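Numbering-wise (our numbering), the sequence shown opens with residue 2 and increments by one.
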Amino acid sequence: MKSMFYALAIVALCNESFSAPNSESIDSLAEAVDRALLVAPKVKSLQADQSAYRAAELASDRLPNPEISLQLANLPIDSFSFAQEPMTQVQLGIVQPLNRGDTVELQQQVWRQKIVQSEMSLLNYRAEVKLAVSSLWFELYRVRQQLLIVEKTKALYAQALQIVNARYASAIGSARQSNVLQSQLELSRLDDDLLRLKQREQSIVKALKAWMGDDDLANVSFDLHKQKPSINIIQQELIGLPSNEMTPLLLPLLNQHPKVQQMHQQSEIYKTQSHIAEQAHQPQWKVSASYGHRQDDLNGMPRDDFFSVGVRFDLPIFNRSQTDQVVESARYQVQSTKYQVRDLIKTMLSEALVVAENYQWNEQRQDHFQKTLLTQAEQHAEAALTAYTNDDGSFSDALAAQAQWLKLRLQQLDLEVEQLKYQAQWNYFVSNYQVRQEQSNTSNNRKVSNIGDEQ
């Protein structure tokens, strides 16, 4: 019985160990971004679109299907004899329609342009995912640093409460019951702050896990190091320039942005579609050939077979007005897209300038906090505590000075995180999305590759 019990226990432990979920730890922003891009459904969707467009391009490179005809021609109805009349024959014919104008080449060009457009959509989506995940990562860093700061402050308040209790119990100095109650109130308020921050932390973690594509949200954890996250600023020499000097340098970068190039490519697609519509003015040619077999005549004399070859074409004259309207519609779509591109560049330029300006002001505030405000707040808190310890100051002043330091320290943390966000937003706008344009007779194909190193 004991051996059976031990065997069952071992089996149960093995099953438990195999069924326990494997916990995965993500400890860097780059790893989080890579994981988000790896599991993003839209990335797979855009890649599938590219494969579909490539298949459609190959499928469009063909001639129309040939037409085969088999007929019995000139059969006399009085006798239904194959040998009676010399023109009676069995005809086998084939007609091969040709493509109308350059329709096939232009349609292939449309598919190639859609492939490039999808590639640029993928580039832009990757940049947007990186920006979104970076923002959440910085927020998680902020809330965890806030927790550390508040917990440290709570420990100082707990020490102060012990000192006040001891002084009040021994009736030393000016310690009063109100000081004890005030200390307890401040500790309770800090406990509430900790609960609020932990709730905020859980919300951010869940939002990050959603980007990680984790079905079981308990399987992924985020191990942020205590040091501040870092991000390399792209085009750093531009971000400190005045707006009037920055604008002409930003415009070429924004014009290369995949979000803008995506709309440029849509304009090219409309332009090509207008050329396709113009092909309706061209006649469609058909090449035909037929072979007619005749039987020998009634006297047994052989008759020659017939072979015919010819061409035919349609005359697109009655639908010319309709075709002109289709072409005109495509041209208006091209113009509309060009205006949309201008509006998009204008909007992105305005947003980039705001980000740069906020970055500059935030940098000045950070410097002021580091060199002046925090130093003064620390000195004030130490002086107020020393004064109270020496019975030369009030306990309320000591607590107020400590609360002021806590407020300024949290504000400094906010400035650090906001600066990281500004850097990520700036990188989104000015990343070096290099556009290489290859022109040929049948394609204005734009290939885009992101060579910006944003991490």
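Glycine is no exception: its CB is placed at the ideal position from the N, C-alpha and C atoms. In this text the structure is predicted, and so the values were computed from the model without any measurement.
Asked	Found
Going by beta-carbon coordinates alone, are L107 and I232 separated by less than 8 Å?	no
Taking the beta carbon of I235 as the centre, do at least 16 other beta carbons fall within 10 Å, making it buried, or is it exposed?	buried
Taking the alpha-carbon positions, what's the R332 to E279 distance?	11 Å
Please state whether the Cβ-Cβ distance between A84 and L299 is less than 8 Å.	yes
May I have the straight-line CA-CA distance separating R143 from D415, to the nearest angstrom?	7 Å
Enumerate, from N- to C-terminal direction, the unbroken beta strand (DSSP E) stretches of 3 or more residues contained entirely within the region 139 to 164.	none
Which partner residues does E68 have in the DSSP bridge list?	V96
Taking L400 and E187 to be in contact with their CB atoms under 8 Å, please state how far apart those CB atoms are, rounded to whole angstroms.	6 Å
Which term fits D224, buried or exposed, when burial requires 16 or more other beta carbons within 10 angstroms of its beta carbon?	exposed
Within its chain, find whatever has a CB closer than 8 Å to the CB of P230; leave out the 5 residues flanking it on each side and keep chain order.	L30, W138, F139, Y142, L421
Tell me which residue opens and which closes the alpha helix (DSSP H) that R410 is part of.	396 to 431
Determine the extent of the beta strand (DSSP E) in which I27 is found, giving its start and end residues.	25 to 27
Taking R464 as part of the beta strand (DSSP E), name the residues at either end of that continuous run.	Within the shown structure, residues of the chain are numbered from 2 to 456, placing residue 464 beyond reach of any answer.
Identify the residues that DSSP records as bridge partners of H294: which are they?	V91
One question on the structure: do G214 and V40 come within less than 8 Å of each other, judged by their Cβ atoms?	yes
Report back the beta-carbon spacing between P249 and L124 to the nearest angstrom; my notes put them in contact at under 8 Å.	P249 to L124, Cβ: 24 Å. No contact.
Can you grab the Cα-Cα spacing for the pair L251 / W362, in whole Å?	19 Å
Grab the span of the alpha helix (DSSP H) containing S337 for me, first residue to last.	321 to 369
Looking at the secondary structure, which residues open and close the beta strand (DSSP E) in which S82 lies?	Counting along the chain, S82 falls outside any beta strand (DSSP E), and DSSP gives it neither H nor E.
What number of angstroms, rounded off, separates the C-alpha of L47 from the C-alpha of Q110?	19 Å
Check each candidate in R101, S119, L76 and name the one with the smallest Cα separation from Q51.	S119
With a threshold of 16 other CB atoms inside 10 Å of the CB of I184, please say whether the residue is buried or exposed.	Residue identity differs from the one stated: residue 184 is Ser in this sequence, not Ile. Answer is buried; the Cβ neighbour count reaches 16.
Take L242 as the anchor and find which of S309, S26, A357 has the nearest alpha-carbon.	A357
Output the boundary residues of the beta strand (DSSP E) element that contains S222.	221 to 223
Roughly how many angstroms separate the alpha carbons of G102 and T348, rounded to a whole number?	41 Å
Would you decide whether E329 is buried or exposed? Buried here means 16 or more other CB atoms lie within 10 Å of its CB.	exposed
Do you know offhand how far F370's Cα is from L345's?	37 Å
Sort out for me which residues DSSP pairs W286 with in a bridge.	F314
Return the chain-ordered list of same chain residues with a C-beta closer than 7 Å to the C-beta of N359, the five sequence neighbours on each side being excluded.	Y423
Tell me where the alpha helix (DSSP H) around S231 begins and ends.	Note, S231: premise wrong, no alpha helix (DSSP H); not H, not E.
Measure the C-alpha to C-alpha separation of R190 and A425 and round it to an integer number of angstroms.	34 Å
Roughly how many whole angstroms lie between the Cα atoms of D398 and E202?	32 Å
Would you check if the region 152 to 161 and the region 403 to 413 touch, i.e. whether three or more CB-CB distances between them fall below 8 Å?	yes
Compare the Cα-Cα distances from V342 to each of Q412, K408, E269 and report the closest residue.	E269
What is the DSSP secondary structure of L250, counted as helix, strand or coil?	helix
The alpha helix (DSSP H) with R55 in it runs from where to where?	42 to 61
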